[in-house]
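Engineer:
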Amino acid sequence: EFELLDRLREIASQNQVWRTYIGQGYHGTYTPTTILRNIFENPGWTTQYTPYQAELAQGRLESLLNFQTMVSDLMALPVSNGSLLDEGTAAAEAMSLCQRQTKRKKFFIDSKCHPQTISVVVTRAGAQGIEVVEGDWNSVDLSSKDFCGVLLQYPDTEGTINDFSKFVETAHEYGTMCVAATDLLAVTVMKPPGELNFDIAIGTNQRFGIPMGYGGPHAGFFACKEQFMRMLPGRVVGITRDAAGRRALRLALQTREQHIRRDKATSNICTAQALLANMSAMYGIYHGPKGLKYIAMKTHHAALLVAEGLKRAGHSVKPGMFFDTVTFTPKGEQSEIKKKAEEKKINLNYLKDGRISIALDETVTQADVTDLLHIVGCSTEAEKLAAELGMTPESALEVGSFARTTEYMKNPVFNSYHSETRMVRYMKSLENKDLSLAHSMISLGSCTMKLNSTTEMMPCSWPEFANLHPFAPLDQSRGYHIMLKELEKDLCEITGYDRISFQPNSGAQGEYAGLRAIMSYLKSIGQEKRNVCLIPVSAHGTNPASAQMAGMKIKIIKVDKNGAVDMQHMKENVEKHKDDLACSMITYPSTHGVFDSEIREICDMTHQYGGQVYLDGANMNAQVGICRPGDYGSDVSHLNLHKTFCIPHGGGGPGAGPIGVKEHLAPFLPTHPIKPPAGTDNGLSFGSVSSGPYGSSSILPISWSYIKMMGAPGLRKASQVAILNANYMSKRLAGHYKTLYSNENGFCAHEFIMDCRDFKKTANVDATDIAKRMQDYGFHAPTLSWPVAGTLMVEPTESEDKLELDMFCDALIMIREEIRAIELGHWDRDCNPIKMAPHSQADVISGKWDRPYSPDMAVFPAAFVQPGSKFWPSVSRIDDIYGDQNLVCTCPAVQEYVSSDDESQTSVLL
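Numbering (my numbering), first residue to last: 16 to 925.
(1) Would you mind reading off the limits of the alpha helix (DSSP H) that contains Met-600?
(2) Measure the C-alpha to C-alpha separation of Glu-323 and Asn-482 and round it to an integer number of angstroms.
(3) Out of curiosity, what's the CA-to-CA distance linking Gly-556 and Ile-300?
(4) Is it right to say Gln-518 is buried, meaning 16 or more other beta carbons lie within 10 angstroms of its own, or is it exposed?
(5) Roughly how many angstroms lie between the CA atoms of Glu-927 and Ser-561, to the nearest whole one?
(6) Helix, strand or coil for Tyr-169? Go by DSSP, reduced to three states.
(7) When DSSP labels each residue in this structure, what does Leu-483 get in the three-state scheme?
(8) If you drop the 5 nearest sequence neighbours on each side, which residues of the same chain put their C-beta closer than 8 Å to that of Gly-144?
(9) Thinking Thr-340 and Ala-318 are a contact (beta carbons under 8 Å), I'd like their distance in whole angstroms, please.
(10) Closer than 7 Å, CB to CB, is His-302 near chain C or not?
(11) What does the alpha-carbon distance come out to for the pair Val-165 and Cys-193?
(12) Starting from Glu-590, trace the alpha helix (DSSP H) both ways and give me its first and last residue.
(13) Just reading off the alpha helix (DSSP H) that Cys-507 is part of, what are its end residues?
(14) Mind checking Leu-839: buried by the 16 CB within 10 Å criterion, or exposed?
(15) Does the pairing of the region 821-832 with the region 743-750 give three or more beta-carbon distances under 8 Å?
(16) Using the rule of at least 16 other Cβ atoms within 10 Å of the residue's Cβ for burial, across every protein chain shown, is Lys-690 buried or exposed?
(17) Under 7 Å Cβ to Cβ from Cys-846, same chain only, skipping five residues before and after it: list those, please.
(18) According to the neighbour-count rule (16 or more other Cβ atoms, all chains shown, within 10 Å of its Cβ), is Gln-63 buried or exposed?
(19) Rounded to a whole number of angstroms, what is the C-alpha to C-alpha distance between Met-442 and Asn-53?
(20) Thinking just about the alpha-carbon of each residue, which of Ala-374, Leu-387, Gly-805, Asp-383 is nearest to the one in Lys-354?
(21) Where do the ends of the alpha helix (DSSP H) carrying Pro-933 lie?
(22) Could you work out which residue in Thr-84, Asn-636, Val-136 is closest to Val-428 when comparing CA atoms only?
(23) Which partner residues of Leu-630 appear in the DSSP bridge assignment?
(24) Which same chain residues end up closer than 8 Å to Asn-760 when comparing Cβ atoms and leaving out the 5 residues on each side of it in sequence?
(25) Start and end of the beta strand (DSSP E) containing Tyr-752?
(26) Measure how close the beta-carbons of Ala-453 and Pro-58 come, nearest whole angstrom, since I'm counting them as under 8 Å.
(27) May I have the straight-line CA-CA distance separating Ser-553 from Asp-784, to the nearest angstrom?
(28) Quick check on the DSSP output: the beta strand (DSSP E) that includes Leu-264 runs from which residue to which?
(29) Can you list, in chain order, the residues of its chain whose CB lies under 7 Å from that of Asp-383, leaving out five sequence neighbours each side?
(30) Considering just the uninterrupted stretch of the beta strand (DSSP E) at Lys-570, what are its terminal residues?
(31) Measure from the alpha carbon of Gly-675 to the alpha carbon of each residue in Gly-43, Gly-666, Asn-655, then state which is nearest.
(32) Quick check on Phe-236: does DSSP put it in helix, strand or coil?
(33) Cα separation between His-679 and Tyr-536?
(34) Can you name the residues that DSSP bridges to Glu-146?
(35) For Cys-661, which beta-bridge partners are listed by DSSP?
(36) Let me know if Tyr-189 comes out buried or exposed under the rule of 16 or more other beta-carbons within 10 Å of its beta-carbon.
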């Protein structure tokens with residue numbers, strides 16, 4: 016480990032962190048150290064899973080609700096989601112919502128949106144049959160009534176604040192929806208999109224305490240009017256109640272999502288950016304509305320000083336109001352200013368037409384402003400210039416009628432934790448409500464919740480990786496490119512592919528990128544008519560959702576009684592679609608936890624009939640060091656680095672889903688409009704899928720470190736032990752639960768499915784009941800009712816020792832005995848420890864215990880569940896139906912706190 020850190024420090028030292036004022040959606044920011052240490056560097060927050068088991072996740076659900084409330088308040092729009100992958104993705108999702116709502120097939124993008132956002136939207140539109148018109152918002156004619164929506168940057172990419180109010184009014188008259196791509200910090204002092212009557216507001220949380228990280232990860236945000244709530248992409252946290260009637264939180268409106276609606280879902284998004292959303296929510300809480308406004312005023316003050324200095328030096332400043340970005344035409348050559356800036360190790364944004372933009376941020380000091388003034392030829396010191404203008408950060412607001420007059424973030428949670436003492440206690444109180452890998456194994460099938468080692472995590476917060484702008488010159492990011500090249504080489508060796516693109520920010524985005532590469536390749540060889548994608552019925556929900564997003568027609572393939580692809584049905588379909596087959600989308604091992612013995616035959620059959628093979632890499636943890644997709648016939652895969660290669664799940668993101676391809680697909684990999692990755696500026700790429708050229712660059716050192724420390728023998732052993740652990744558990748449980756699928760030898764792969772369906776008839780117990788009862792034993796449930804309804808899918812990974820595996824199995828065996836007690840009539844079918852699970856502390860100390868089993872049976876059901884170490888669910892069973900029927904997705908109004916009889920007046924829950 017120490018050798019690895021020394022090597023990585025050597026690589027990191029080749030990154031040069033200059034003062035950077037490039038902007039374009041990426042800004043310098045300070046991550047408060049208390050948030051850095053207690054959230055970003057804390058396994059209690061980083062190793063949680065997406066909060067599907069809400070009773071074990073009330074802490075991060077509260078934090079995500081805070082994020083939604085903060086975004087909703089700042090945007091002045093009533094609904095917000097719990098994050099998307101980045102700003103570009105959020106814009107593309109907004110376009111899709113506009114199209115679904117209006118059924119129109121044209122979309123307008125103002126040319127002054129960020130270039131990377133335009134690229135992601137145009138790429139998405141190309142596969143959806145949506146025509147994108149790019150131009151000047153002042154001159155576009157919407158009277159034809161064929162535009163589904165418009166996308167406007169506010170402030171725009173050059174810093175200008177435009178008055179869109181009349182334009183939005185006109186657009187609505189023609190039935191066109193309006194989307195604002197905006198800035199969280201700017202709207203603390205500027206009129207928010209909701210007050211300009213925008214339908215949707217999107218953007219990034221990056222400047223709210225999230226390092227630039229050479230492009231990511233960052234959380235995209237998405238807020239909208241209430242009538243579009245049920246079309247909202249991504250996860251939404253809602254307020255509901257538990258079985259005792261206490262307020263609780265859950266993921267709401269899940270029927271919109273890919274794991275349920277598959278190709279009919281509002282989006283293919285699965286992994287989002289929960290950890291980064293939580294960090295920015297804490298940033299907002301720590302600073303509060305007054306602190307955020309001061310940061311905005313300070314930033315704006317610096318921009319005003321720079322603009323004044325430019326004018327005094329004789330440069331031509333772009334007219335109009337601005338917030339933090341000043342664009343100007345130099346009186347001389349652009350290169351003269353660039354040379355002076357480089358002498359002081361300062362990056363500016365040098366536009367192709369000879370102009371220059373300077374984007375200020377919260378890190379800017381008076382000394383920085385003075386340096387900028389001297390670079391542009393103004394000899395006055397910043398402090399003196401401010402005095403001459405009679406300007407202070409508190410008074411410097413020159414946005415005219417665009418000044419924000421409405422209050423925001425009035426909820427007590429944003430006005431109570433402004434000291435580090437209180438902030439640490441608040442973060443800890445939320446962390447203590449959530450089960451993570453720091454407590455016990457999380458055996459979620461197809462999720463690979465393995466160890467995220469401290470050594471792997473440490474480099475992510477090193478300044479050399481964290482504070483680099485994605486559009487910084489190549490000679491300042493050589494360390495990143497050394498690391499990326501080595502990681503690409505290693506991943507190619509592991510998978511048998513020839514090239515890797517790191518741009519996709521998640522597995523689902525990797526699927527979309529891989530399928531788009533296939534479609535572009537087929538078009539290049541005159542086979543653009545091929546658009547059919549064959550997908551087994553057992554596939555991840557993202558597969559059909561991604562195929563639909565890529566413009567494909569989906570045909571479902573049956574599986575046989577063992578969970579393998581039905582080869583006869585497969586053969587019938589490849590023959591039927593021999594003229595229009597684009598690809599087969601296969602998961603290996605299958606999502607049923609079985610190695611398909613016919614995988615090579617499936618690949619050969621697909622190729623024989625003119626298709627390509629997309630292999631879903633979600634289950635690579637069973638293959639690394641044992642077999643390689645590129646060797647047995649696959650053409651492209653995504654790799655879930657947050658599964659197999661140890662990036663933590665973060666409570667629902669970040670993730671990374673790079674794609675590996677064979678050589679013939681390499682020319683079609685994702686590109687970027689500003690910093691195209693090597694080999695992608697050839698005119699053949701299908702476009703961009705992420706705002707950053709290399710996706711979530713700053714977490715890639717985690718996977719690089721994992722591979723280097725494990726080495727080839729270690730990687731192989733990890734796969735072998737993962738498979739061994741799954742088979743051990745399957746055999747231990749065999750006398751109590753049926754393993755639904757196995758191969759001809761009776762073995763599973765790295766995961767297995769427990770069949771719980773018969774218990775509904777015999778004891779009125781279903782898989783959900785078992786999942787909830789497991790919480791009383793201190794365990795997170797396996798994957799629930801997927802890929803087969805009424806089952807639990809278990810994936811132990813290689814990280815857990817035999818003691819942990821045995822305790823987990825013991826818990827399930829004891830639950831089976833509890834089911835037997837119900838079957839034998841010893842307990843009521845509706846009132847028993849399983850149906851009433853989970854049991855919170857409030858349940859057992861309320862003094863109202865009236866159940867036909869003891870409190871000890873409820874909360875200490877096994878010898879290994881001890882009072883001193885037990886993890887307690889913080890609420891009783893969640894009422895999902897009530898939550899969707901009475902949907903509330905922001906923190907309650909202040910009045911509810913004033914009238915509340917609950918103990919705490921500062922928590923959003925109590």
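Every residue gets a Cβ at the ideal spot worked out from N, C-alpha and C, and that includes glycine.
Structural biologist: The answer reads as follows:
(1) Looking at the DSSP string, Met-600 is not in any alpha helix (DSSP H); the run it does join, the beta strand (DSSP E), is 596-602.
(2) 28 Å
(3) 35 Å
(4) Per the 10 Å Cβ criterion, buried.
(5) Because the chain is modelled from 16 through 925, residue 927 falls outside the range shown and cannot be assessed.
(6) strand
(7) DSSP, read as helix, strand or coil, puts Leu-483 in coil.
(8) Lys-120, Gly-566
(9) 7 Å
(10) Of the protein chains in this structure there is only one, and it is not chain C.
(11) 5 Å
(12) 582-591
(13) 493-510
(14) exposed
(15) yes
(16) buried
(17) Cβ-Cβ distances below 7 Å link Cys-846 to Arg-866, Pro-867 in the same chain, with the five nearest sequence neighbours on each side left out; the list follows chain order.
(18) buried
(19) Whole-angstrom Cα-Cα distance: 7 Å.
(20) Leu-387
(21) Within the shown structure, residues of the chain are numbered from 16 to 925, placing residue 933 beyond reach of any answer.
(22) Comparing alpha carbon positions, the residue from Thr-84, Asn-636, Val-136 closest to Val-428 is Thr-84.
(23) Secondary-structure assignment with DSSP links Leu-630 through a beta bridge to Ile-601, Ser-652.
(24) none
(25) Where Tyr-752 is concerned, there is no enclosing beta strand (DSSP E), given that its DSSP letter is neither H nor E.
(26) Right, the Cβ-Cβ distance comes to about 5 Å (below 8 Å), so this counts as a contact.
(27) 23 Å
(28) 262-267
(29) Counting only Cβ-Cβ distances below 7 Å, and skipping sequence neighbours, we find Arg-34.
(30) Taken as a continuous stretch (DSSP letters only), the beta strand (DSSP E) holding Lys-570 covers 568-572.
(31) Asn-655
(32) strand
(33) Per the coordinates, the alpha-carbon of His-679 lies some 8 Å from the alpha-carbon of Tyr-536.
(34) Lys-121
(35) Paired residue(s): none; Cys-661 is not in a bridge.
(36) exposed
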